[in-house]
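Some notes on the structure that comes next.
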Amino acid sequence: MSMKEDAIRLVEQLPEEFSWDDLMYEIYVRKAIESGMADSIAGRTIPVDELRARFGLKP
229 MSMKEDAIRL VEQLPEEFSW DDLMYEIYVR KAIESGMADS IAGRTIPVDE
279 LRARFGLKP
């Protein structure tokens, strides 16, 4: 599916009354998920335990 088709589908899934902010949020969420998936596939991840240790968070 082309990016244009994806954008059309995204707009069609929004309610009839939506704001530019609603649209921008949906685009942001989609981009964040796609970036995260690409990082995961490329092995650019770290274990949760290591992340917690880096930020001093409890296990």
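Residue numbers 229 to 287, in our numbering, belong to the letters of the sequence shown in order. Glycine included, every Cβ here is placed at the ideal spot set by N, Cα and C. Note that the structure is a prediction, hence the values are computed from the model and not measured.
Membership of methionine 252 in the alpha helix (DSSP H) is indicated by the continuous run 248-269. Just so you know, the alpha carbons of arginine 280 and proline 243 end up roughly 38 Å apart. For valine 276, the closest C-alpha among the options Lys286, Glu240, Ala235 and Asp250 is that of Lys286. Judged by DSSP in its simplified three-state form, methionine 229 adopts coil rather than helix or strand. At a Cβ-Cβ threshold of 8 Å, glutamate 262 and leucine 238 do not count as neighbours.
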